[in-house]
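Every position in the sequence shown, counted from 1, becomes a number in our numbering once 50 is added. Note that CB positions come from ideal geometry on N, CA and C, so glycine has one too. Note sheet for the following structure.
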Amino acid sequence: MKITLTVNGTAHDLDVEPRRLLADVLRDDLGLTGTHLGCEHGICGACSVLMDGQAVRACLVLAVQCDGRSIRTVEGLAGPDGEPHPLQRAFSAEHALQCGFCTPGFLMVAAGALDADPDLADKPDAIEGVVGSNICRCTGYEPIRRAIARAAREKRETTA
51 MKITLTVNGT AHDLDVEPRR LLADVLRDDL GLTGTHLGCE HGICGACSVL
101 MDGQAVRACL VLAVQCDGRS IRTVEGLAGP DGEPHPLQRA FSAEHALQCG
151 FCTPGFLMVA AGALDADPDL ADKPDAIEGV VGSNICRCTG YEPIRRAIAR
201 AAREKRETTA
């Protein structure tokens, strides 16, 4: 089936089998291997991407469901000049990653949440909801909470 996906701002015309998952198309067809496959049941969140600004589990979405949609992956977080996204800087500064397997998924759900709510830094319950949506086996989650709050403050300060 012929579909068009706009991934990280670039349109891609693809011919995919109707049963192919978005995660597989991103990784295998487009070479965007930052979208990690962990549980493949939608539980861990490692495969999270933004579809039209909303976080989705790429392991649960068929690529054909995304025809004409805008997809943003972790590779699309950095600015056009390669400047890291505030979340990427904050994850590094707060040591919010260890093995790094879950990191792309956390970055993407947090990016969607930050885009939706610029005041996220002042809402610990909302940050908890973002963090609770994915699984990390290494960090204990507290550095991830701090990183999201830090990025939200930085983003608010730069847009104010």
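CA-CA distance, residue i and residue j?
{"i": "residue 206", "j": "residue 126", "result": "20 Å"}
{"i": "residue 58", "j": "residue 129", "result": "11 Å"}
{"i": "residue 80", "j": "residue 160", "result": "23 Å"}
{"i": "residue 124", "j": "residue 174", "result": "24 Å"}
{"i": "residue 184", "j": "residue 94", "result": "5 Å"}
{"i": "residue 65", "j": "residue 172", "result": "44 Å"}
{"i": "residue 98", "j": "residue 194", "result": "16 Å"}
{"i": "residue 149", "j": "residue 189", "result": "9 Å"}
{"i": "residue 196", "j": "residue 96", "result": "19 Å"}
What does the Cβ neighbour count give for residue i, buried or exposed, with the cut at 16 atoms within 10 Å?
{"i": "residue 144", "result": "buried"}
{"i": "residue 187", "result": "exposed"}
{"i": "residue 61", "result": "exposed"}
{"i": "residue 134", "result": "exposed"}
Compare the Cα-Cα distances from residue i to each of the options and report the closest residue.
{"i": "residue 168", "options": "63, 203 and 70", "result": "203"}
{"i": "residue 165", "options": "122, 142, 185 and 186", "result": "122"}
{"i": "residue 53", "options": "193, 119 and 179", "result": "119"}
{"i": "residue 158", "options": "149, 114, 141 and 173", "result": "141"}
{"i": "residue 90", "options": "107, 201 and 156", "result": "107"}
{"i": "residue 105", "options": "51, 197 and 154", "result": "154"}
{"i": "residue 201", "options": "181, 139, 182 and 101", "result": "139"}
{"i": "residue 110", "options": "197, 85, 149 and 181", "result": "85"}
{"i": "residue 75", "options": "114, 178, 191 and 92", "result": "114"}
Any chance the CB of residue i is under 7 Å from a heavy atom of the ligand GDP?
{"i": "residue 78", "result": "The ligand GDP is not part of the structure shown, which contains no ligands of any sort."}
Am I right that residue i and residue j are in contact with their C-beta atoms under 8 Å? What's the rounded C-beta distance?
{"i": "residue 116", "j": "residue 72", "result": "6 Å"}
According to the Cβ coordinates, are residue i and residue j closer than 8 Å?
{"i": "residue 100", "j": "residue 70", "result": "no"}
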